[in-house]
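Enquirer:
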Amino acid sequence: MSSDSPFDDFTPANPATLETVELTTDDGITISADIETPASTRAVAALLHPHPLFGGRRDHPLLLSIAHALHRNRVTTARSDFRHASGNTIEEMPDAIACCHELQRRHCDLPLVIVGYSFGSIVAARIASVVRAQHLIMIAPPLSTVSLGIPTTPTTLIIAEHDQFSPPATISDDPIVKEAGMSIVAGADHFLNGHIGTVTELTVGAASTALGE
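Taken in order, the sequence shown gives residues 1 to 213; the numbers are from the working numbering.
(1) Could you say which of L70, T25 and A169 lies nearest to T209 if we only look at CA atoms?
(2) Compute the beta-carbon to beta-carbon distance between L136 and A124, rounded to the nearest angstrom, for a pair I have assumed lies under 8 Å.
(3) Figure out for me which residue from D173, T17, T200 and L47 has the closest Cα to the Cα of S121.
(4) If you check the beta carbons only, do I66 and V21 fall under 8 Å apart?
(5) Taking the alpha-carbon of P38 as reference, which of A16, H107 and I196 has the nearest alpha-carbon?
(6) Could you give the DSSP three-state label for D9: helix, strand or coil?
(7) Counting pairs of beta carbons, one from the stretch 194-207 and one from the stretch 167-177, are three or more of them closer than 8 Å?
(8) Which of the three DSSP states, helix, strand or coil, is assigned to S3?
(9) Taking C-alpha atoms, which residue in N73, D27, L63 and E36 lies nearest to R227?
(10) Starting from R126, follow the alpha helix (DSSP H) in both directions and report where the run begins and ends.
(11) In the DSSP assignment, find the alpha helix (DSSP H) that holds H135 and state where it starts and stops.
(12) Keeping to the same chain, check which residues put their C-beta closer than 7 Å to that of G149; ignore five residues upstream and five downstream.
(13) DSSP state of D174, grouped into three classes?
(14) What does the Cβ neighbour count give for T11, buried or exposed, with the cut at 16 atoms within 10 Å?
(15) So, helix, strand or coil for P154, using DSSP?
(16) What separation, rounded to the nearest whole angstrom, lies between the Cα atoms of A77 and H60?
(17) Within the continuous beta strand (DSSP E) that includes G187, where are the two ends?
(18) Give the C-beta separation of E19 and I35 to the nearest angstrom, bearing in mind that I take them to be a contact with Cβ-Cβ under 8 Å.
(19) Applying the 10 Å Cβ sphere with the 16-neighbour rule, what's the burial state of T155?
(20) Using only alpha-carbon positions, find the residue among E102, I97, D163 and H195 that is nearest to T145.
(21) Taking a contact to mean a Cβ-Cβ separation below 8 Å, would you say P141 touches S166 in this structure?
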C-alpha cells in the first residue's frame, strides 16, 4: 500500500451516529458497546479489540480508523468491551456474541462481518460460525499460541511482517493460513504503529469484497 493512503492521517470525521449501550451476555455479564450507524446501512460489522488485560479497549485507534472507514461504505459497526477475566479467549466469547447479536437484532436481514485485532481476532474466530458471520477478518492473530483448526467461515488474514508473537514464517503451516493465505503488512510489527492506514485499507477492501463490491 502506498504511503499516501487516505487513511494514513487519521481524522475524527465520521459519517455515523454514535450510541453507547449496555449489553447483557448469556451468562449475565454487562458490557458496554459503541454502536455507530451511518445514514444508510448495507451490512454490519463487529470490531473486537486486543487483550483486555494488556490495555486493549474498544476505542483502540486501529478499530476507530476501521470503523470510520466502514461507515463511509455504509456499514454499521459495534465496538464492545471484553470482561476483565482470564484473557483466555474462551471466557470472552459470550461478550463478542452479545455484540454480534445486538447488531443482528437491529439489522436482522443484513450480512455480518467480524473484525478482530490480536487477542480479538482469536475470539472472533471462535464465534464466527456461531453467529453465522459472512466473513471473518483477523488482524495480527497470535496463531502460534493457539490451535483453531480449519475455519468454516471465509477468512482474511492480515499479518505483520515482523510480528513479535507470530512471525509469518512460524504460522505458514497453520490450517487457517493454508486455507485463507496471508496479506502481509511490510515493515510492521504486532502493534502496527505507523501502519494503521494500510491495515484499515486492507480491512475495508476485504470487507467490501466479501459483501460483493
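Note that CB positions come from ideal geometry on N, CA and C, so glycine has one too.
Expert: By the coordinates alone:
(1) L70
(2) The beta-carbon distance between L136 and A124, rounded to whole angstroms, is 6 Å. This is short enough to meet the 8 Å contact definition.
(3) Taking only the C-alpha atoms, the option nearest S121 is L47.
(4) Cβ atoms of I66 and V21: not closer than 8 Å.
(5) A16
(6) Only weak support is given to the placement of D9: the predicted model assigns it a pLDDT of 42, under 50, and the value that follows is read from those uncertain coordinates. Note: D9 maps to coil in three-state DSSP.
(7) no
(8) With a pLDDT of 37 at S3, under the threshold of 50, the predicted position of this residue should be treated as unreliable, though the coordinate-derived value follows. S3: coil per DSSP, three-state reduction.
(9) Nothing can be reported for residue 227, as the shown portion of the chain is limited to 1 through 213.
(10) First-last of the alpha helix (DSSP H) with R126: F119 to I127.
(11) Counting along the chain, H135 falls outside any alpha helix (DSSP H), though it belongs to the beta strand (DSSP E) covering H135 to I139.
(12) P175
(13) coil
(14) Model confidence at T11 stands at a pLDDT of 45, short of 50, so the residue's coordinates are unreliable; what they give is reported in the following sentence. So T11 ends up on the exposed side.
(15) Assigned with DSSP and collapsed to three states, P154 falls in coil, not helix or strand.
(16) The displayed chain sequence assigns Thr, not Ala, to residue 77. Here the C-alpha atom of T77 lies approximately 14 Å from the C-alpha atom of H60.
(17) S183 to D189
(18) 5 Å
(19) buried
(20) D163
(21) yes
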